[in-house]
Amino acid sequence: MTKRTFCTLFTLGWLGAMPLWAQQVPELVAEQGYADLILVNGKIVSMDDRSTKPDTPGQNYQSMAIKGKRIMALGSNQEMRRLAGPATRFLDVGGRTVIPGLIQTHHHTFLFADLRYGPEMGLLDPSIRLTVATEATAEATAKKVREAIINAIRVQNIPDGKWIRVNLQESEKAPPGHSRSWLYLGKLNKRQLEGVTETHPVMVSNMIQGIMNDVAIAEFKKYFPDWEESTDIENRPGASTDGYVAVPEIFGLSWNIFWKDEPLETFAEMLRLHGVRELVPEGVTTIATRLLYPDTIAAYHLLNRENRMPHRVAYYVESQRGEYWGLKAIREFYKGTGAPWSTHSSGNEMLWLNGMCNEIWDSNYNEKCLGPDFPDASEEVRMRERCPSPGTKPWESIKTAIVHGWRPVQVHGTSSHGARLYIQMLEQAMEEGHYSVEYMKGLRTTLEHNIVLGKKPDVMAGIKKFGIILNVNPGMLGEVPDDIKNYGEGIRDFIMPVKTWIEQGIRVTFEAAGSDFWTPIHILVTREVRQTRGIATPGGKPLPMVTLVPEEAIDRITALKMATTWASEYMMAEDTIGTLEPGKFADFAILDRDFFTIPVAEIPEIEVVLTGLGGQIIYDEIN
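For the sequence shown, this note's numbering gives the first residue as 269, with consecutive numbering after it.
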């Protein structure tokens, strides 16, 4: 919009309203003053219908008036112009669709900040990096890793004490996800690295799981003396003896060791850049994230104190994983902190502690927990299932937190028996904490991903009893073709039955693929997804598209509710964000095409052209 157009629109709007002002000052203006910003000529969709009835977006408006950080009113152009004063700004939407700001319910900001913005801020990984493609067996792969390390030390003359990190790249020589199974079950372990080097700390990983040698373990234990106990109770007895590591160590190597003396401002800027460059341009105005490294929590609070937050953040403390605590420390922490979590309206408008987390419960790909629901699964498949029990870190940290007043969120619930075990843990926590069912429902605990959670009557009853929110990851449906191979055709009844869950009154939300909301919506509407392997094979051919349980498809408006209207309930913010209603924060996104009417095939192509946060335009491709 040119300056001349803007001035003309402003003048006509103001002059057109003059006779009305001469007669009567609108009640809203008398109460709040003139609007600061008015959007005109739009298709503004409120998404304020909270029902589960299909195709019910709520109200459509032509114009929206904003006062300060909040929505003042919605209506026609003429009605909203009555709220304008001499300093009111106008934004001509040009007939475009306006929706509430998008809410990412499951995001890993520490991961993106580490990989993408650490180097830009001068935080380099000082380790020597090697890449090894897997072989057909764990033994052959271990031999190849040993040879690569020995050769690198000799050829590169790597000095003593220098970290060596080996990227384990899955090949197609073994079934999908094989490196995850080898590592989790100890078929790849630190004993296979013995004799390679006694003077270099070594980590071998596939970005999700890995192993460390004794030298690396000694380095970790300098800072985290409970590492061995922590590893065993989180994963399996003997995991530390195998040198097993996972996400906390793989990324903690940077956050906790390499960067331990870096200034907090650097971390804050990394997190800010991720938001400004990757989230805000996609219409994201609020995220929910677990934070397992203390520096990330401190960095967000620094941004908030300095009014530099790029978007709203609801966060969940996961210190027992990022600090590698044993059971004693876990119990003392959640007892001693006084459960300081809050809802959005009772907390800070940009940053609020919304609960705690222990993300690992069951897991995805080869570590789903289906247990008694598939008694005929092979011994190999059953061995690699990740199913928590009393005494493990997932079970004890979440139960202890609940007993002492915390809200648990962002817990993996990929599969039916994993969810069943979670419900059993909730029953224990309710009894030990002397809580009512209504209190437990009020916590709105969540289960994440839900790939093959299914609809077993006992599991559904428990989810309804405790008011558990199911937060699906549509892209993970790409794993299911391999689940069918592992468990048989009977698993089709378990494949993310979103429509059934919604019809049964269960609250369902979805997590975006990073900052991409439109591909997950397309998957939910069509049930078409690209098949994936456990760990992507770089350079490999794209796997085919598959259609999975099409009878569980939902309409596009319901899918959008899962990322706006209902997503706000996930972080206890439905009274402040998620819909476009008077009194709520003016968080909105303007789209380049009409989501509500375009062909379904075009949904993944949608782009955001403007993002508003708290009444301020923070991303603008229109002007």
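All C-beta atoms, glycine included, are put in the ideal place defined by N, C-alpha and C.
Since we're looking at a predicted model, the values are computed, not measured.
When the Cα atoms are used, residue 675 and residue 781 turn out to be separated by approximately 25 Å. Beta-bridge annotation (DSSP): residue 435 is paired with 399, 473.
CA-CA distance, residue 810 to residue 647, rounds to 31 Å.
Rounded to the nearest angstrom, the Cβ distance from residue 554 to residue 589 is 24 Å, too far for a contact under 8 Å. It is roughly 27 Å from the alpha-carbon of residue 298 to the alpha-carbon of residue 361.
Per DSSP, reduced to three states, the secondary structure at residue 672 is coil, with no helix or strand assignment. Sixteen is the threshold: since fewer than 16 other Cβ atoms of the shown chains lie within 10 Å of the Cβ of residue 429, the residue is exposed. Sequence-distant partners of residue 822 (beyond 5 residues in either direction) whose C-beta falls short of 8 Å from its own C-beta, in its chain, are 322, 766, 767, 770, 792, 793.
Per DSSP, the continuous alpha helix (DSSP H) segment holding residue 790 begins and ends at 786-794. According to the DSSP secondary-structure assignment, residue 640 is paired through a beta bridge with no residue.
Shown here for residue 693: same chain residues with a beta carbon closer than 6 Å to its own, the five before and five after excluded, namely 663, 667 in chain order. An exposed status is given to residue 702, since fewer than 16 other beta-carbon atoms sit within 10 Å of its beta-carbon.
Look at the beta carbons and you see the region 313-322 not touching the region 370-389: under three pairs across the two are nearer than 8 Å. Burial state of residue 363 is exposed, judged by a 10 Å Cβ sphere holding fewer than 16 other Cβ atoms. Contact annotation: the region 511-529 does not touch the region 542-553, with fewer than three C-beta pairs closer than 8 Å. For residue 884, the uninterrupted beta strand (DSSP E) segment begins and ends at 884-888. Taking residue 827 as reference, the option from 867, 817, 800, 779 with the minimal CA-CA separation is 779.
Collapsing the DSSP output to three states places residue 372 in a strand.
Residue 629 sits close to residue 680, with the two beta carbons spaced by under 8 Å. Per the Cβ contact rule, the region 526-542 is in contact with the region 381-396 (3 or more Cβ pairs under 8 Å).
Along the region 478-547, the beta strand (DSSP E) occurs as fully enclosed runs of 3 or more residues at 512-514, listed in sequence order. In the DSSP secondary-structure assignment, residue 778 is bridged to 740. Under the 8 Å Cβ criterion, the region 731-751 does not count as touching the region 334-343, having fewer than three qualifying pairs.
With respect to residue 306, residue 356 sits close: the two C-beta atoms are nearer than 8 Å. Here residue 630 carries a coil assignment [DSSP, helix/strand/coil].
Residue range 595-604 is occupied by the alpha helix (DSSP H) that includes residue 598, with no beta strand (DSSP E) assigned at that position.
For residue 360, there is no enclosing alpha helix (DSSP H); the enclosing beta strand (DSSP E) covers residues 357-360.
Secondary structure note for residue 458: it is in no beta strand (DSSP E), with a DSSP letter that is neither H nor E.
Selection 776, 717, 756 evaluated against residue 735 yields 776 as nearest (Cα-Cα).
Every unbroken stretch of the beta strand (DSSP E) spanning 3 or more residues and falling wholly within the region 705-767 is given here in chain order: 714-717, 737-740. Here residue 364 carries a coil assignment [DSSP, helix/strand/coil].
Residue 309 has its alpha-carbon roughly 19 Å from the corresponding atom of residue 887. Per DSSP, the beta bridge partners of residue 620 are 582. For residue 705, the closest C-alpha among the options 492, 724, 729, 718 is that of 729.
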